[in-house]
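Numbering follows our numbering, in which position 137 of the sequence shown is assigned residue number 139; successive positions increment by one, without gaps.
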Amino acid sequence: MIEILKILHFLAMGIGVGGGFAQGIIGRRTVAAEPAARELLGAIQRRISVGTAIALAVLWITGIWMTYAIHGGFTGQPTSFWLKIATVAVLTLIVMAMGHTAARAAAAGGTPPPGRMAALGGVAQLATALAVVLAVLTFT
Numbered sequence: 003m004i005e006i007l008k009i010l011h012f013l014a015m016g017i018g019v020g021g022g023f024a025q026g027i028i029g030r031r032t033v034a035a036e037p038a039a040r041e042l043l044g045a046i047q048r049r050i051s052v053g054t055a056i057a058l059a060v061l062w063i064t065g066i067w068m069t070y071a072i073h074g075g076f077t078g079q080p081t082s083f084w085l086k087i088a089t090v091a092v093l094t095l096i097v098m099a100m101g102h103t104a105a106r107a108a109a110a111g112g113t114p115p116p117g118r119m120a121a122l123g124g125v126a127q128l129a130t131a132l133a134v135v136l137a138v139l140t141f142t
């Protein structure tokens, strides 16, 4: 069972990492895009936001499950573990902010503000990289 959880965790991480990087790239491209292209790029960002949010949910579920299954729970975890959890919590808030921004823009019939999406995507990239580094430091 642990192997299945790890496989799901790593697959979700790949989707989340890819989504975060894609959001950053698309956000930067959207800033300089023509209005018609912004609409298309905004639609792509909304789809990526959904996939990334699902991936993050899978990461939380499998991560908590593995913490109990492998380590017996959260007690006694090293500082690097708690820093990783804090980083993933920040990343989760960023993904939620990106999804909310995209949804509000779609409801208003427009596109998400390119500068905001680019900035959030950049922070998501940094948070993702830091979470992976902290995971390696914690679990190896």
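Just so it is clear, CB atoms sit at the ideal spot from N, CA and C, and this is done for glycine as well. All figures in this text were calculated on a predicted structure; none of them were measured in a lab.
- Three-state class that DSSP yields for Phe141 in the structure shown: The answer is helix: DSSP assigns Phe141 an H, G or I state.
- Would you check if the distance between the CB atom of Thr130 and the CB atom of Pro114 is smaller than 7 Å? No, these two residues do not count as a Cβ contact at 7 Å.
- Output the distance between the C-alpha atoms of Phe142 and Leu85, rounded to the nearest integer angstrom. With the sequence shown as reference, residue 142 is identified as Thr, and Phe is not the correct amino acid for it. Their Cα atoms are separated by approximately 15 Å.
- Is the segment 15–31 close to the segment 125–139, with three or more CB pairs under 8 Å? Three or more pairs of CB atoms, one per stretch, sit closer than 8 Å, so the segment 15–31 contacts the segment 125–139.
- For the alpha helix (DSSP H) that contains Ala39, what are its first and last residues? Where Ala39 is concerned, the enclosing alpha helix (DSSP H) stretches over Pro37 to His73.
- Task: Could you name the residues of the same chain whose beta carbon sits closer than 8 Å to that of Leu53, not counting the 5 residues immediately before and after it, in chain order?
- Result: It is worth fixing the name first, because residue 53 is Gly in this sequence and not Leu. Closer than 8 Å at the Cβ level, and outside the excluded window around Gly53, lie Ile17 and Gly21.
- Task: Verify whether the separation of the beta carbon atoms of Leu61 and Ala91 is less than 7 Å.
- Result: Taking 7 Å as the Cβ cut-off, Leu61 and Ala91 do not qualify as a contacting pair.
- Task: Indicate whether Ala66 and Leu43 have their beta-carbon atoms separated by less than 7 Å.
- Result: The amino acid at residue 66 is misidentified as Ala; the sequence shows Ile. Cβ atoms of Ile66 and Leu43: not closer than 7 Å.
- Nearest-angstrom Cβ-Cβ length linking Gln47 and Met98, presumed shorter than 8 Å: About 14 Å separates the beta carbons of Gln47 and Met98, which is beyond the 8 Å limit, so they are not a contact pair.
- Message: So for Pro114, helix, strand or coil by DSSP?
- Response: Residue state, collapsed to three classes: coil.
- Message: Within a Cβ cutoff of 8 Å, which residues of the same chain sit near Ser82, ignoring the five residues on either side of it in sequence?
- Response: Sequence-distant partners of Ser82 (beyond 5 residues in either direction) whose C-beta falls short of 8 Å from its own C-beta, in its chain, are Leu136, Leu139 and Thr140.
- Message: Suppose you measure from the CA of Arg31 to the CA of His73; what does that come to, to the nearest Å?
- Response: So the alpha carbons of these two residues sit roughly 43 Å apart.
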